[in-house]
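*Asks:* Take 19 as the starting number for the sequence shown in my numbering and just add one per residue.
Think of the CB as a built atom: it goes at the ideal place given N, C-alpha and C, for glycine as much as any other residue.
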Amino acid sequence: MKRTTTMFFVLALSLMVALPLFASGVTEKGIYFKELDLNTATLEEMESAWEYSVDTYTNQRTTLRTAMDDAMGKRDIEGYVEMRSLYNSLEYPVITKEQTEMLKERILNTENQEDKDALASFVYENSVFYRPTLVFDYSVDNGYYTRSYKKALSTLPGTVVTAPEVKGDGVFLGWSLDGETVSYKSGEEIIMPYSDTVLYGVFSSGISFNDEITGNNSYIEGTEARVPTPISEDENLIFLGWYDDNSGKKLEGDSVTVESGKSKEFTALWEGVEISDASIRYYEEGKIPANTQVILSFPLKNVGNVVLRDLKVTVSGEGVKVLSSDLKASLIGTGTTANASFLVYAEGEKGTEKTITATVSDASGNTWTKDFSFTIQ
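(1) Less than 8 Å separating the beta-carbons of serine 139 and leucine 171?
(2) Looking at the structure shown, is threonine 354 part of a helix, part of a strand, or coil, going by DSSP?
(3) In the DSSP assignment, what are the bridge partners of glutamine 131?
(4) How many Å lie between glycine 259 and leucine 287 at the Cα?
(5) Could you check how far apart the C-beta atoms of serine 145 and alanine 181 are, in whole angstroms? I think they sit under 8 Å.
(6) By the three-class DSSP mapping on this structure, what secondary structure does glycine 383 have?
(7) Where does the unbroken alpha helix (DSSP H) through leucine 121 begin, and where does it stop?
(8) Alpha carbon to alpha carbon, what distance is there between methionine 64 and serine 201?
(9) Going by beta carbon distance, what residues of the same chain come within less than 6 Å of lysine 319, once the five residues before and after it are set aside?
(10) Taking buried to mean at least 16 other C-beta atoms within 10 Å of its own C-beta, is leucine 121 buried or exposed?
(11) Assuming glutamate 16 and asparagine 384 make a contact with CB atoms under 8 Å, what is their CB distance in whole Å?
(12) Leaving aside the five residues before and after aspartate 389 along the sequence, list all residues of the same chain whose C-beta is less than 6 Å from its C-beta, in chain order.
(13) Please go through the same chain and pick out, in chain order, the residues whose beta-carbon is closer than 8 Å to the beta-carbon of glutamate 105, but skip the five residues on each side of it.
(14) My assumption, with CB atoms under 8 Å, is that isoleucine 306 sits in contact with isoleucine 313. Please give the rounded CB distance.
(15) For the alpha helix (DSSP H) containing arginine 79, list its first residue and its last residue.
(16) How far does the alpha helix (DSSP H) with tyrosine 105 in it reach, from first residue to last?
(17) If we count Cβ pairs, one from each stretch, closer than 8 Å, do we get three or more for the stretch 334-344 versus the stretch 355-370?
(18) Could you pull out every unbroken alpha helix (DSSP H) segment of at least 4 residues lying fully inside the stretch 243-321, listed in chain order?
(19) Using the rule of at least 16 other Cβ atoms within 10 Å of the residue's Cβ for burial, across every protein chain shown, is leucine 255 buried or exposed?
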């Protein structure tokens, strides 16, 4: 039995030495990655040596696995244990931390961008020690509270990432390499660096007035600003005022100040109702049958940026009696429409023109009106 075990052992060792010579069609012995001089080796030589090292490892595992199976088939327990010990001692080739540092130095000092990216890609894919990190960092401590933001990205150097946007006490200007000068604005593309890098959030004092309805937005850098008066050409809109984005309170006065290093943002609130043309259900457009109960309806659209609540809708007109009404919404969200319907009775001779006025009012006393013309038929 000892002779058989020895033969298996010698055979396995012989195959482990011989097989790498023929791996992947190689006809003469290659060089292992760990034997390279990384200060002078070309990228092609590194790739070839790495492939040779991986193929050697793979073939040795296959050889020993076969020897283990043969030993087990012949019930040679001692031989199986020897082969398994060799099998378990195999180590996958690695690029060490020291080698990685040498290669990192070469990457950072390579001027040709294409060569730089190729070498960085090789090291990134094959060394667990090369994982450059890009950190977006912002923190502030004003004595009352600490606000911080940190986001770390780690991906293949040379690829494109996007600079994020953050909220802070001041107006966010962008990200800086030196903590003061803006290097990248939010949303801007950044090439993933080849070594660990920290970008710092830069903020400034300022006051923003944002008006999504008219599109007239303004930003005043500094600690004091005059309050603008927005104007809309849409007669359906009523300006309610500027409201603080943080507190929700209405801004009073014609100027506003902010502490140094901080910012304030205000949003213009508008209330608006658009009354569309009315129609008489089941009857020809623009006509009302005489001495008949008909349903008069018209849509109400919220064209502002606040929710409409507690609206009162009425219709009136000479010779028109309103018998009942219905507004199919207890509130109307921004950009949405509700339908107002009225059961009316129109008096008059055939051919008489009737003017019916629709009036919409809110709890604050703001009103919107529209006249509709119909002919008695």
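*Replies:* On the basis of the data shown:
(1) no
(2) coil
(3) Note: glutamine 131 sits in no beta bridge, so no partner.
(4) 6 Å
(5) The Cβ separation is near 27 Å, so there is no contact.
(6) Reduced to three states, the DSSP call for glycine 383 is coil.
(7) Taken as a continuous stretch (DSSP letters only), the alpha helix (DSSP H) holding leucine 121 covers 115-126.
(8) 36 Å
(9) Glu292, Thr355
(10) By the 10 Å Cβ count, leucine 121 comes out buried.
(11) No answer is possible for residue 16: the residues shown for the chain start at 19 and end at 395.
(12) The residues are Thr373, Thr375.
(13) Checking the sequence shown, residue 105 turns out to be tyrosine, not glutamate. The residues are Arg79, Leu82, Arg83, Met86.
(14) 11 Å between Cβ atoms; not a contact.
(15) Unbroken alpha helix (DSSP H) run through arginine 79: 61-91.
(16) 95-107
(17) yes
(18) none
(19) buried
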